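To keep things clear, I will list the structure first and then write my remarks on it.
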Amino acid sequence: MNAQQQVQNLLDFIDASPSPWHVVKSVETQLEKFKFVKLIETEKWALEAGGRYYVVRDDSSIVIFVQGQKPLVQTGFKMIGAHTDSPGLRIKPQAATGGDGLLRVGVEIYGGPILATFTDRDLSLAGRINYKDDNHKIVSTLLKFDRPLLRLPNLAIHMNRAVNEDGLKLHKQNELPLILSTIANECLPQAYFTQLLQEQTAGAIGRILSWDLAVYDTQKGAFWGAENEFYANSQLDNLASCHAALEALLDETVLASDNTLVCALFDHEEVGSESNKGADGSFLSDVLQRIALATEKNKEDFAIALAKSFMISADMAHAYQPNFPSAYDADHKVTINKGPVIKVNANQRYSTESVSQAQFIDWCEQAGVPYQKYSHRCDLACGSTIGPITSARLGIRSIDVGSPLWAMHSIRESAGVLDHNYMIKVMKRFFTH
Ligand code: ZN
């Protein structure tokens with residue numbers, strides 16, 4: 001498959017996955033095509049060498065693994081980690097308010113989005129709804145509006161004369177509610193809103209008890225640039241990494257590897273990973289332990305397996321934007337379409353160290369893939385990701401890498417077509433070495 005086709009698949013994957021709950025659903029659909037078996041945490045597992053499995057926790061985190069033919073004590077786990085969530089806006093529980101002839105929906109800020117990019121866009125809703133079915137059982141279902149439903153109209157420049165000098169600042173409590181309708185005076189706002197949700201499921205659900213609803217951008221992904229060498233979409237951080245990991249894994253030659261391969265895609269990275277399904281929770285270690293107990297059956301064997309393991313933590317990196325040179329370390333300019341970025345931070349905001357770097361460089365060279373190194377400016381706070389957390393929790397060697405990206409945490413991010421291909425190639429090499 002060529003690089004352009006791989007990115008088209010990525011854009012389709014993102015367009016079908018407007019919330020972390022939809023992401024996991026999309027991943028499951030892919031896995032079913034490759035005959036993966038879903039394991040349930042509340043049941044006993046019987047694993048076979050060469051078997052393909054996955055485990056979902058709370059609908060938005062997933063651990064996928066292929067049980068290797070070789071014993072774990074020999075190979076350890078070869079893991080790639082990434083995250084299913086992206087920063088943005090989430091609908092509050094008492095969502096709808098009326099007044100001034102308009103019905104608006106209250107939102108909470110999830111993680112650290114660039115709020116100004118959410119204005120004047122064709123926004124909509126997607127997520128998970130919980131309700132009681134006819135047998136009084138609580139059921140969860142996914143919900144998605146395919147059409148633009150919500151909007152955050154900007155203030156006209158005539159009322160915000162300094163916007164181009166001072167930037168667009170939005171008050172987080174007062175200025176973010178999204179406009180939904182003019183219906184305000186004829187109904188109770190919350191009742192109207194929940195009825196809208198119910199109608200969207202074509203009446204398939206009973207009384208709604210609760211929801212997790214994310215605001216998403218209905219604009220589809222696109223290629224751009226003179227040679228179509230760039231692409232843009234929402235949620236590239238970090239669905240591009242999730243997609244690269246899946247593309248690397250879901251290849252019959254890779255799946256036939258003797259190694260035990262793992263892809264761990266976590267929710268809640270953008271808010272610190274501390275939850276039952278986040279990278280700082282027990283999910284991954286629980287799954288790895290159960291894999292070991294179902295096969296090696298010995299705690300020391302598990303410890304040996306961990307000591308032999310390696311994790312590539314994949315999350316997007318900051319590409320150099322020449323309009324803003326002062327934002328970057330002049331010696332660590334990372335260029336779009338020049339290969340995976342190794343992220344280095346002495347203060348362990350990234351899990352990379354010199355040995356894991358050397359290892360990753362070797363895999364890049366074996367795969368014929370160029371690579372770059374990134375270090376954040378010393379006078380700017382550096383971001384972090386799941387690498388340091390998982391590496392610390394499990395005690396395994398790890399590296400933080402990512403494809404270069406412009407406008408991280410904008411609702412419309414951009415990256416390079418070749419970089420996606422390079423990342424998939426080096427991940428395949430890692431899985432099969
Ligand atoms: Zn990220």
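To convert, note that position 100 of the sequence shown is 100 in the working numbering; the numbers rise steadily by one, no gaps. Even for Gly, the Cβ is constructed at its ideal location relative to N, Cα and C. Small disclaimer: the values here were computed from a predicted structure and weren't measured.
Is there at least one non-hydrogen atom of the ligand ZN closer than 7 Å to the beta-carbon of residue i?
| i | result |
| --- | --- |
| Thr385 | yes |
| Glu269 | yes |
What do you get for residue i, buried or exposed, if any count of 16 or more other CB atoms within 10 angstroms of its CB means buried?
| i | result |
| --- | --- |
| Ala307 | exposed |
| Met159 | exposed |
| His136 | exposed |
| Lys188 | Reading off the sequence shown, one finds Leu at residue 188, where the question assumed Lys. Exposed, by the Cβ-count rule. |
| Thr432 | buried |
| Cys378 | exposed |
| Gly278 | buried |
| Met1 | exposed |
| Lys144 | buried |
| Trp363 | buried |
| Thr29 | exposed |
| Val37 | exposed |
| Gly387 | buried |
| Trp224 | exposed |
| Lys425 | buried |
| Lys343 | buried |
| Ser354 | exposed |
| Asn298 | exposed |
| His268 | buried |
| Ala259 | Correcting the residue identity first, residue 259 is Asn in this sequence and not Ala. When all chains shown are included, Asn259 counts as buried. |
| Ser436 | Absent from the model: residue 436. The displayed extent of the chain is 1 to 433, so no value can be given. |
| Gln348 | exposed |
| Leu380 | exposed |
| Asn174 | exposed |
| Gly98 | buried |
| Gln372 | buried |
| Thr385 | buried |
Give me the Cβ distance between residue i and residue j, rounded to the nearest whole Å; I'm assuming they're in contact under 8 Å.
| i | j | result |
| --- | --- | --- |
| Tyr54 | Glu270 | That pair is no contact at about 23 Å. |
| Pro370 | Tyr320 | Contact doesn't hold; Cβ gap of about 15 Å is too wide. |
| Leu239 | Val23 | 7 Å |
| Phe13 | Val262 | Going by Cβ atoms, the distance from Phe13 to Val262 rounds to 20 Å, so no, they are not a contact pair. |
| His83 | Leu284 | Their Cβ separation, rounded to whole angstroms, is 12 Å, which puts His83 and Leu284 out of contact at 8 Å. |
| Ile411 | Ser234 | 5 Å |
| Arg429 | Gln366 | 5 Å |
| Ile129 | Thr119 | With 8 Å as the limit, Ile129 and Thr119 do not qualify as a contact, their Cβ atoms being about 27 Å apart. |
| Ser26 | Ser17 | 4 Å |
| Ser414 | Pro340 | Not a contact, Cβ separation roughly 17 Å. |
| Ala294 | Leu47 | 4 Å |
| Arg57 | Lys35 | Contact flag wrong, Cβ pair sits at about 22 Å. |
| Val287 | Val7 | The pair is not a contact, with the Cβ atoms about 30 Å apart (cut-off 8 Å). |
| Leu196 | Val105 | Wrong, their Cβ atoms sit about 10 Å apart, outside the cutoff. |
| Leu123 | Tyr216 | 7 Å |
| Gln357 | Ile399 | 7 Å |
| Asp146 | Leu405 | Actually they do not touch by this definition, with Cβ atoms about 27 Å apart. |
| Val254 | Ala314 | Not quite, the Cβ-Cβ distance comes to about 16 Å (not below 8 Å), so this is no contact. |
| Met79 | Ser326 | Between Ser326 and Met79 the Cβ distance is about 37 Å, and since that is not below 8 Å, they are no contact. |
| Ala245 | Met427 | 6 Å |
| Gln69 | Ala49 | 5 Å |
| Asp280 | Ile389 | 5 Å |
| Glu296 | Leu72 | 6 Å |
Hey, is residue i's beta-carbon within less than 8 Å of any beta-carbon in chain D?
| i | result |
| --- | --- |
| Leu188 | Included in the structure is just one protein chain, with no chain D present. |
Exercise for the section: Output the residue ranges of the beta strand (DSSP E) runs that lie fully inside the stretch 332 to 368 and measure 3 residues or longer, sorted by chain position. Expected result: You should have 341 to 343.
Handout entry: Around the ligand ZN, Cβ to any heavy atom closer than 5 Å, ordered along the chain
Key = Per the CB criterion, closer than 5 Å to any heavy atom of the ligand ZN, the qualifying residues run in chain order as Asp237, Asn238, Asp315.
Problem - Complete runs of the beta strand (DSSP E) confined to the stretch 82 to 123 [at least 3 residues] - result: Listed in chain order, they are 88 to 99, 102 to 110.
Problem - Start-end ranges of the beta strand (DSSP E) lying completely within the stretch 122 to 168, minimum 3 residues - result: Along the length of the stretch 122 to 168, whole beta strand (DSSP E) runs at least 3 residues long occupy 123 to 132, 138 to 144, reported in chain order.
Exercise for the section: Jot down the residue ranges of each uninterrupted alpha helix (DSSP H) in the stretch 171 to 237, minimum 4 residues, whole runs only, in chain order. Expected result: As far as the stretch 171 to 237 is concerned, its whole alpha helix (DSSP H) runs of at least 4 residues are 189 to 200.
Exercise for the section: Mind listing, in chain order, the continuous beta strand (DSSP E) runs of no fewer than 3 residues lying wholly within the stretch 16 to 53? Expected result: You should have 37 to 39.
Problem - Whole beta strand (DSSP E) elements within the stretch 267 to 316, 3-residue minimum - result: For the stretch 267 to 316, whole beta strand (DSSP E) runs of length 3 or above, ordered along the chain, are 310 to 314.
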